[in-house]
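Q:
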Amino acid sequence: MAEKVNSQQFDKLINGDKPVVCDFFATWCGPCKMLAPVIEQAEAEYSDRAVFIKVDVDECADLSVRYGIMSIPYVAIFKNGEMTAKSIGFMPKAELKEFLDDNL
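In numbering that gives the first Met the number 0, the protein residues as written are 0 to 103.
Following this line, the structure appears as structure tokens:
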């Protein structure tokens, strides 16, 4: 399961060797709850290609501001510390796989 991280851990991870798939979410968000198991399934399939993390936008408001996150769920891919792709809203598994295949 994707590790929930704080702002300091986030900065260290996105600057690592592997691409990072980050699920920005909130505990009160219905679509976020629907997306969580889809992300978990993708993580099992793509764990050799990327690190999967979760960021609670309420606990890490600084990251929401930094990346201009206004709507969640918000899935972003980071490579070498830079956001290289993003998707906003719920995605079924096939759509998430396509997003990952196109951007990892």
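Glycine is no exception: its CB is placed at the ideal position from the N, C-alpha and C atoms. None of the values given here were measured: they were computed from a predicted structure.
1) Who does glutamate 81 pair with in a DSSP beta bridge?
2) Assign cysteine 31 to one of three DSSP states: helix, strand, or coil.
3) Considering just the uninterrupted stretch of the alpha helix (DSSP H) at aspartate 55, what are its terminal residues?
4) Tell me the DSSP secondary structure of phenylalanine 98 in three-state form.
5) Alpha carbon to alpha carbon, how far is tyrosine 66 from lysine 85? Give it in angstroms, no decimals.
A: So, from the listed chains and residues:
1) Lys78
2) helix
3) Where aspartate 55 is concerned, there is no enclosing alpha helix (DSSP H), although the beta strand (DSSP E) it sits in stretches over 50 to 55.
4) helix
5) 10 Å
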